[in-house]
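A short write-up of the structure that comes next.
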Amino acid sequence: DAVVQTILRQLLDADATALDARAAELLFRPQRITLQNGRVLAGDRATVDRLSDGAGFGALGRLLAEAQVPLRSAQLQVLNVDNAAGYWHDRSHDGFERHRFVLDLTHQVAKELAHGVKVPVTLAHSGLSALARVLQRWVTHMTGAAVTVTPLARIADTDWRWHVGLDVESTAILNDLYRGQPVDEARQARLFGLFRLDFSDATDMLPDVAGAPVWLGLAMAAGGVLRLKPQNLLLNLPLARRS
Numbered sequence: 017d018a019v020v021q022t023i024l025r026q027l028l029d030a031d032a033t034a035l036d037a038r039a040a041e042l043l044f045r046p047q048r049i050t051l052q053n054g055r056v057l058a059g060d061r062a063t064v065d066r067l068s069d070g071a072g073f074g075a076l077g078r079l080l081a082e083a084q085v086p087l088r089s090a091q092l093q094v095l096n097v098d099n100a101a102g103y104w105h106d107r108s109h110d111g112f113e114r115h116r117f118v119l120d121l122t123h124q125v126a127k128e129l130a131h132g133v134k135v136p137v138t139l140a141h142s143g144l145s146a147l148a149r150v151l152q153r154w155v156t157h158m159t160g161a162a163v164t165v166t167p168l169a170r171i172a173d174t175d176w177r178w179h180v181g182l183d184v185e186s187t188a189i190l191n192d193l194y195r196g197q198p199v200d201e202a203r204q205a206r207l208f209g210l211f212r213l214d215f216s217d218a219t220d221m222l223p224d225v226a227g228a229p230v231w232l233g234l235a236m237a238a239g240g241v242l243r244l245k246p247q248n249l250l251l252n253l254p255l256a257r258r259s
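Under the working numbering, the letters of the sequence shown match residues 17 to 259, in that order.
Right, here's the structure in full:
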């Protein structure tokens, strides 16, 4: 994790946003995930557990609900464009205040129109989009292959060729979906992040899948913990074997 953190610090240049920097933390720090009012929220596990005295799953939602009243500076805040300066300020601290910002990983929300019609709206400042930018830089830097990574609401591919789980849970779920095996609603609900990875140069891929998209998944374990494994992505991409 320390090696991954060091590499990511080098990759995130001066133009990186606070959302990008916070999303990068998912690659080397475990997160607690909670679903609250249709939003997917990721809080640093060590920080959430400390503030909630180790209460575990559900603690993040409780702490955020309490955030409707004035808080001490050490308590959790959902990161957005308005409080981004606070995130950069906290990075100079050594205590758990350094990781008090929660990342909103919601990709789409339902917007109600006239006559009760609801349409999905993609969020302009999504933590999932920030994570896609980080993964894109990670893959390109570590493999030398130029790629684009795009967050999605679902996989719609009648010729599904390749997928990679970014964690143990999503790997198992995507494997079952690919094989046509049943996945119950509880497991499906844990799969909260989907991405499409495309290689800019198809010759960087194995010949039998050249030009096909690579589907990526992100899921929390039954206890609500996310442990993203960036090495999984590098080891399981369909990279061409170079002589």
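Positions of the beta carbon are idealized from the N, C-alpha and C atoms, including for glycine.
Bear in mind the structure is a predicted one, so any value in this text is a computation, not a measurement.
### Message
Looking only at its chain, what residues have a beta carbon closer than 6 angstroms to the beta carbon of R257, apart from the 5 residues adjacent to it on each side?
### Response
none
### Message
Tell me the DSSP secondary structure of L244 in three-state form.
### Response
Coil, per DSSP.
### Query
For T159, which of helix, strand or coil comes out of DSSP?
helix
### Query
Rounded C-beta distance between L42 and L242? I'm assuming under 8 angstroms.
Contact holds; Cβ gap of about 7 angstroms.
### Message
Here's the rule: buried if 16 or more other CB atoms are within 10 angstroms of the residue's CB, otherwise exposed. What is A238?
### Response
exposed
### Task
With DSSP as the reference, label H109 as helix, strand or coil.
In the structure shown, H109 falls within a coil segment according to DSSP collapsed to helix, strand and coil.
### Query
With a Cβ-Cβ cutoff of 8 angstroms, do L119 and S186 count as a contact?
no
### Query
Which partner residues of P167 appear in the DSSP bridge assignment?
F211
### Residue burial classification, G59 (beta-carbon count within 10 angstroms, cutoff 16)
buried
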